[in-house]
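K.L.:
In the UniProt record's numbering, the protein residues as written are 1 to 183. We put the CB at the ideal spot given by N, CA and C, even for glycine. Before I ask anything, let me first share the structure, which is written out below as structure tokens.
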Amino acid sequence: MQGEVVLGIKATLKPLNCYACWTNIVPRVQRLRRRAKARAAGKPDVPTKKKIYLKQGVNTITTLVEQKKARLVCIACDVEPIEIVLFLPALCRKMGVPYCILKSKSRLGLLVRRKKTSCIALTDVNQADRTYFIKLIESIKTNYNDRYDEIRKNWDGGQLGAKSACRLAKLERARARELTQKR
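What follows is the structure in structure tokens.
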């Protein structure tokens, strides 16, 4: 995970693969059996650290952002209906949580072992990945959180439809006629 951080869907999702939740129950059962055998042998019970996983789902993400526990939020742009996740960027901006909008909910679903998911969040990062994630979060903040006003002003692309352009041209001609008549 070394190198320069380039904001793209692959660059954003690749480091998150190591935080994907595994649904295979076999490793969990093996781990619990080893722990039970150690306890039966009289060794002291040493609890294992809880693994860091990606959280998914709108309700879960909303509570994590409101509690300021989320470190990074990724939102899919192809959610239907869009009203489900429409408030999340504003909430993330209000709470100071970095967020990014990615192209596909199926790509996000791969990380949490589902077909599709609307959004994911990361609550903590392993120590080895911390420097990379700091760079990633800085680039996400500059591209989304800090550019909000600029993006908001250009939502429509600055292009007018045929009727609106015709109406404005008509108004401009009327103003030009008035100016020539006054002189």
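Taking the runs of the alpha helix (DSSP H) that are 4 residues or longer, which of them lie wholly in the UniProt domain "Ribosomal protein eL8/eL30/eS12/Gadd45" (49-127)?
P.N.:
58-66, 88-95 and 105-111
K.L.:
Could you say which of Arg175, Arg167 and Lys69 lies nearest to Pro98 if we only look at CA atoms?
P.N.:
Lys69
K.L.:
Is the distance from the Cβ of Leu64 to the Cβ of Leu16 below 8 Å?
P.N.:
no
K.L.:
Evaluate the contact criterion for the stretch 123-138 versus the stretch 42-58: three or more CB pairs, one atom per stretch, below 8 Å.
P.N.:
Contact check between the stretch 123-138 and the stretch 42-58: three or more CB pairs, one atom from each, fall below 8 Å, which counts as touching.
K.L.:
Can you name the start and end residues of the alpha helix (DSSP H) that Leu168 belongs to?
P.N.:
Ala162 to Lys182
K.L.:
Where does the unbroken alpha helix (DSSP H) through Leu136 begin, and where does it stop?
P.N.:
Arg130 to Ile140
K.L.:
Closer than 8 Å is the cut-off here; do at least three beta carbon pairs connect the stretch 27-39 with the stretch 81-94?
P.N.:
No, the stretch 27-39 does not touch the stretch 81-94.
K.L.:
Would you call the CB atoms of Lys115 and Ser104 closer than 8 Å?
P.N.:
no
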